[in-house]
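Terminal number for the sequence shown in my numbering: 244, no gaps in between. Scroll down for the structure; my scribbles are underneath it.
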Amino acid sequence: MLCFHSFWPVPSSVPTLAEDEVHVWRANLEEAGTHLPRWTRNLSAVERTRAERFFSERDRHGFIARRGILREILGGYLATPADRLRFRYGRHGKPRLRDASGGRVQFNLSHSDAMAVFAFAQGRRIGVDVERVRTDLAWEEIAAQFFTPWENERLQRLREPQRQRAFLRMWTCKEAYVKARGQGLFFPVNRVEVSFSPPALRRVGEDKNEVSHWMVRELGVGGDYVAAVVVEGDDGRLRCWQWR
């Protein structure tokens, strides 16, 4: 069973998203079953088609739950019924609200097993990533291929039990950054160098100024999960919520 920390409050309604704030929500997808009919009704025809393409019922229900929760949170921010929200997609597939319905709200989402995380900001690019700590993860091979020599050297300084979690702390920062840029897997993550204590961008390729344009925050989402959010700009109050 997924265990969440108690310090992520459950709001009575979707709070106002101020210009200087970054909101992150987490959700337990294991609790999503009773809401699936309502969420399915709120999806667009394109989203329903995508859902039907999943072979496994678990994966199909997970997609419906994630999109349903996203629509309900966005609908709360925009005072718009969830089923009336319309999305468009960037060149590499990152969803955004159409201008007529979304205004300045930008968002991103990520999931791993039963955990889903949603991030929102006003007029600023944003990315979020969550990963579960797993014993079967070949993290050393991934680090050898996608981490810089400096990053790998820092990992090797740690004791064995600490290395995988440190790797994931760095990986989630990299993933959140490239997702914020809207490029996802199309951006070479080995050009993004990060530290894990504290989590921060160190450099991006040869551009020495790029790191100053982004704020990196680690998220204590609980359980065997590691997560990070990256948002454009060098300041912003981070507020975390639990979805029910």
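For each residue, glycine too, the CB sits at the ideal point set by N, CA and C. What you are looking at is a predicted structure, and each value in this text was computed from that prediction instead of being measured.
- The beta carbon of LEU17 sits closer than 8 Å to those of HIS23, TYR77, VAL105, PHE120, ALA121, GLN122, all from its chain and outside the five residues before and after it, given in chain order.
- For PRO15 and GLN242, the gap between their C-alpha atoms comes out near 12 Å.
- In its chain, beyond the 5 residues on either side, VAL133, LEU137, TRP139 have a beta carbon closer than 8 Å to the beta carbon of GLN164.
- Annotated as distal: VAL192 and ALA200, with beta-carbon spacing of 9 Å or more.
- In the structure shown, VAL133 falls within a coil segment according to DSSP collapsed to helix, strand and coil.
- Close CB contacts of ASN108 within its chain, under the 6 Å cut and outside five residues either way in sequence, are with ALA119, ILE126, GLY127, VAL128, LYS179 (chain order).
- The closest CA to that of GLY62, considering only PHE87, MET115, TRP150, ARG38, is found on MET115.
- For GLU193, the enclosing beta strand (DSSP E) begins and ends at 192 to 196.
- The beta carbon of PHE54 sits closer than 7 Å to those of ARG60, PHE63, all from its chain and outside the five residues before and after it, given in chain order.
- Cβ-Cβ distances below 7 Å link ARG202 to GLU193, VAL194, SER195, VAL211 in the same chain, with the five nearest sequence neighbours on each side left out; the list follows chain order.
- Look at PHE146 here: in three-state DSSP terms it is helix.
- It is roughly 10 Å from the alpha-carbon of GLU153 to the alpha-carbon of ALA144.
- Counting only residues of its own chain and dropping the five nearest sequence neighbours on each side, ALA27 has a CB closer than 6 Å to the CB of ILE69, ALA116, TRP243.
- Here the C-alpha atom of ASP234 lies approximately 6 Å from the C-alpha atom of TRP214.
- ARG58 has its alpha-carbon roughly 31 Å from the corresponding atom of VAL231.
- Across the set CYS240, VAL229, GLY93, VAL10, the C-alpha of VAL229 shows the shortest separation from the C-alpha of ARG124.
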